[in-house]
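Undergrad: Shown below is the structure under consideration.
Number of protein chains: 2
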Amino acid sequence: MVGVATIRRKRTNRRTYHHGDLGPALVREAARTIRTDGVEAVTLRDVGRRLGVSRTALYRHFADKAALLAAVAREGFQGFSRELREAWNADSGGLQGFRAMGAAYIRFARENPAHYRIMFGQFRDLCDSDPALADDASASFQVLLDALAALERDGAIPAGGDRHALGHFIWASMHGAAMLSIDGQLGAGPAAADALTALMVDRVSAAIATRP
Amino acid sequence: MVGVATIRRKRTNRRTYHHGDLGPALVREAARTIRTDGVEAVTLRDVGRRLGVSRTALYRHFADKAALLAAVAREGFQGFSRELREAWNADSGGLQGFRAMGAAYIRFARENPAHYRIMFGQFRDLCDSDPALADDASASFQVLLDALAALERDGAIPAGGDRHALGHFIWASMHGAAMLSIDGQLGAGPAAADALTALMVDRVSAAIATRP
DNA sequence: ACCTGAACACCGTTCAAGT
DNA sequence: ACCTGAACACCGTTCAAGT
Numbered sequence: 001m002v003g004v005a006t007i008r009r010k011r012t013n014r015r016t017y018h019h020g021d022l023g024p025a026l027v028r029e030a031a032r033t034i035r036t037d038g039v040e041a042v043t044l045r046d047v048g049r050r051l052g053v054s055r056t057a058l059y060r061h062f063a064d065k066a067a068l069l070a071a072v073a074r075e076g077f078q079g080f081s082r083e084l085r086e087a088w089n090a091d092s093g094g095l096q097g098f099r100a101m102g103a104a105y106i107r108f109a110r111e112n113p114a115h116y117r118i119m120f121g122q123f124r125d126l127c128d129s130d131p132a133l134a135d136d137a138s139a140s141f142q143v144l145l146d147a148l149a150a151l152e153r154d155g156a157i158p159a160g161g162d163r164h165a166l167g168h169f170i171w172a173s174m175h176g177a178a179m180l181s182i183d184g185q186l187g188a189g190p191a192a193a194d195a196l197t198a199l200m201v202d203r204v205s206a207a208i209a210t211r212p
Numbered sequence: 213m214v215g216v217a218t219i220r221r222k223r224t225n226r227r228t229y230h231h232g233d234l235g236p237a238l239v240r241e242a243a244r245t246i247r248t249d250g251v252e253a254v255t256l257r258d259v260g261r262r263l264g265v266s267r268t269a270l271y272r273h274f275a276d277k278a279a280l281l282a283a284v285a286r287e288g289f290q291g292f293s294r295e296l297r298e299a300w301n302a303d304s305g306g307l308q309g310f311r312a313m314g315a316a317y318i319r320f321a322r323e324n325p326a327h328y329r330i331m332f333g334q335f336r337d338l339c340d341s342d343p344a345l346a347d348d349a350s351a352s353f354q355v356l357l358d359a360l361a362a363l364e365r366d367g368a369i370p371a372g373g374d375r376h377a378l379g380h381f382i383w384a385s386m387h388g389a390a391m392l393s394i395d396g397q398l399g400a401g402p403a404a405a406d407a408l409t410a411l412m413v414d415r416v417s418a419a420i421a422t423r424p
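So the sequences go chain by chain: L and U.
For the first sequence, my numbering begins at 1 and goes up steadily by one.
For the second sequence, my numbering begins at 213 and goes up steadily by one.
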């Protein structure tokens with residue numbers, strides 16, 4: 001009885017403060033809008049309205065709109081890291097794991113194009129709002145560096161080179177392919193994307209197999 | 213005497229209609245703002261004010277703001293094509309010319325970062341405003357395809373492969389490097405840019421030297 | 001501590017009106 | 001044909017006020 005009353009009280013409070021944790025709800029709602037309608041569709045008025053809250057309520061939880069987008073970008077990088085790691089592990093690493101990781105890279109961008117654009121397109125601006133964003137981005141890059149270290153250890157690629165630079169080359173190549181793919185500049189549709197993925201994975205693999 | 217009077221009349225007309233050709237002047241002014249302060253700083257009010265014209269005068273020359281930006285992007289691609297072609301020709305083609313072209317690619321992006329972001333970042337939107345933008349972009353890609361054809365003819369790279377696909381790989385790789393470079397995500401400053409340029413040119417050259 | 005409502009200084013675009 | 005000025009429907013953000 002007391003328990004029920006307590007829950008009731010909580011529910012009432014939640015309704016008063018609009019489901020209690022507005023911060024996470026704002027991030028969730030912004031991410032949803034970004035996914036369905038793109039970044040430019042995110043307005044504080046709309047996000048607030050959808051949560052039954054005024055357009056200025058956000059300022060109790062974030063410094064400004066950029067800080068909200070930075071939070072979305074952070075979640076994006078965390079999911080990105082997870083998917084890259086899973087792709088690498090699913091094939092137990094090796095060159096097959098490396099290829100799977102490359103495919104996962106382009107797949108993530110294509111399945112979350114608006115997220116991907118925020119993560120990379122507005123990176124500097126958003127880092128000013130939330131420096132932790134740089135850490136989440138570094139963690140994604142680290143997944144690649146770890147894979148390269150394993151490949152070197154197993155003799156799949158030459159060891160003793162500049163692993164960090166090699167990572168930059170791979171990162172840049174896949175990033176360019178991902179961006180051009182979601183912009184439809186290298187052909188539209190899944191078939192073109194699959195062809196691009198195979199092309200990039202083949203060529204990048206060839207490029208890291210030997211010393212330049 | 214008559215000549216002077218004619219010039220005077222012309223000048224008067226020009227002042228009345230604000231130096232006669234407002235269309236090109238708007239593009240020039242928008243490009244200037246983009247170069248110095250970035251795309252987000254381009255407002256129709258400011259561009260108009262700087263040209264001594266109302267903020268709605270633009271609509272006599274362009275359908276909307278996107279069409280103005282599309283015109284800037286078109287000029288961007290034309291300059292881009294020119295610089296790529298000059299880099300290739302300066303070294304009389306060959307693998308040296310190819311390397312010079314790669315360096316010119318990243319140099320263009322770094323010297324015109326805001327232009328480069330408009331050209332690629334908003335490509336689809338701007339093509340809706342001005343379909344000719346796609347032609348200017350294709351012309352840039354064609355410079356690369358022509359270079360690859362010459363390299364194949366001279367036996368510098370293997371012939372008989374999918375030249376178009378090879379071009380996509382190179383384009384994507386350099387585009388990613390250019391984007392990450394102007395976003396400062398692969399280190400800031402000219403030294404980092406030079407290192408990145410050498411890295412990309414080395415690795416991409418290695419990737420196209422052999423069949424995957 | 002958390003949220004609201006009015007106000008402020010901006011946008012791009014439309015449209016009737018001027019020359 | 002080319003341009004203006006007022007008006008419209010939006011923005012993000014600030015701030016005094018409410019509970």
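Note that CB positions come from ideal geometry on N, CA and C, so glycine has one too.
1) Between which two residues does the alpha helix (DSSP H) harbouring residue 311 (chain U) extend?
2) Among residues of its own chain, excluding the 5 on either side of residue 398 (chain U), which ones have a beta-carbon nearer than 7 Å to its beta-carbon?
3) What residues from chain L crowd round residue 327 (chain U), counting only those whose CB sits closer than 8 Å?
4) In chain U, which residues lie with their C-beta within 7 Å of the C-beta of residue 158 (chain L)?
5) Mind checking which residues open and close the alpha helix (DSSP H) that includes residue 135 (chain L)?
6) At a cut of 8 Å, does the stretch 165–185 of chain L reach the stretch 105–121 of chain L through at least three beta carbon pairs?
7) Going by DSSP, what residue range makes up the alpha helix (DSSP H) through residue 392 (chain U)?
8) Can you give the beta carbon distance from residue 309 (chain U) to residue 359 (chain U), rounded, assuming they're within the 8 Å contact cut?
9) Going by DSSP in three states, residue 397 (chain U) sits in which element: helix, strand or coil?
10) With burial defined as no fewer than 16 other Cβ atoms inside 10 Å of the residue's Cβ, what is the status of residue 368 (chain U): buried or exposed?
11) Identify the contact partners of residue 385 (chain U) in chain L, using a Cβ-Cβ distance below 7 Å as the criterion.
12) In angstroms, rounded to a whole number, what distance separates the CA positions of residue 150 (chain L) and residue 304 (chain U)?
13) For the alpha helix (DSSP H) holding residue 284 (chain U), just list the boundary residues, first then last.
14) Measure the alpha-carbon distance for residue 138 (chain L) versus residue 66 (chain L) and round it to whole angstroms.
15) Taking 8 Å as the CB-CB cut-off, is residue 236 (chain U) touching chain L?
16) By the 9 Å beta-carbon criterion, what residues does the stretch 84–107 of chain L contribute toward chain U?
17) Which of helix, strand or coil does DSSP assign to residue 62 (chain L)?
18) What is the C-beta distance between residue 423 (chain U) and residue 388 (chain U), in whole angstroms, given that I count them as a contact (C-beta under 8 Å)?
19) Name the chain U residues whose beta carbon is nearer than 7 Å to that of residue 206 (chain L)?
20) How would you write the range of the alpha helix (DSSP H) that residue 33 (chain L) sits in, first residue to last?
21) With a 10 Å radius around its C-beta and 16 neighbouring C-beta atoms as the bar for buried, classify residue 245 (chain U) as buried or exposed.
TA: Straight from the coordinates:
1) 306–323 is the span of the alpha helix (DSSP H), which, as asked, contains residue 311 (chain U).
2) 392, 404 and 408
3) Within chain L, no residue comes near residue 327 (chain U); the closest Cβ sits about 15 Å away, beyond 8 Å.
4) Within 7 Å Cβ-Cβ: nothing; residue 158 (chain L) doesn't reach chain U, min ~12 Å.
5) 132–153
6) yes
7) 375–394
8) 7 Å
9) strand
10) buried
11) 172, 173 and 176
12) If you draw a straight line from the Cα of residue 150 (chain L) to the Cα of residue 304 (chain U), it is about 42 Å long.
13) 277–302
14) 20 Å
15) no
16) none
17) The answer is coil: DSSP assigns residue 62 (chain L) none of H, G, I, E or B.
18) Taking 8 Å as the upper bound for CB-CB distance, residue 423 (chain U) and residue 388 (chain U) are not in contact here, some 23 Å apart.
19) 419, 422 and 424
20) Its alpha helix (DSSP H) spans residues 22–37.
21) Residue 245 (chain U) sits buried, since 16 or more C-beta atoms from the chains shown fall within 10 Å of its C-beta.
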